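Chemist:
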Amino acid sequence: MNSKTAMKDLIIPYPILESIEFSADELKIEIATYLYQKVKLSMGKAKKLAGLTQIEFQKELAKKDMQHE
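For the sequence shown, our numbering assigns the number 957 to the initial residue and increments by one for each residue that follows.
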């Protein structure tokens, strides 16, 4: 995949999703907060990926005591 190619869908096999015990929504939040912390996504893009409002996303970050690295 080159830098101009976007990944549209990420497929995670059900047994793996089941073993990590996250719902699809929880996994989106985990990925979004991780990428935000690693400064790979802006707050706006991360909250959009997570499917949360600005305040909801900030609450998730506070729960995880996360900041940009």
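Built from N, CA and C at the ideal position, the CB exists for glycine as well. No experiment lies behind these values; they were computed from the predicted model shown.
#1: Helix, strand or coil for L1005 per DSSP?
#2: Go ahead and label I985 buried or exposed: buried means 16 or more other beta carbons lie within 10 angstroms of its beta carbon, across all protein chains shown.
#3: Would you mind stating whether T989 and L966 have Cβ atoms separated by less than 8 angstroms?
#4: Measure the CB-CB distance between K1001 and T1009 and report whether it falls below 8 angstroms.
#5: Could you give the DSSP three-state label for Q976: helix, strand or coil?
Modeler: This is what the structure gives:
#1: helix
#2: buried
#3: no
#4: no
#5: First, the residue type needs correcting, since residue 976 is Ile and not Gln in the sequence shown. The answer is helix: DSSP assigns I976 an H, G or I state.
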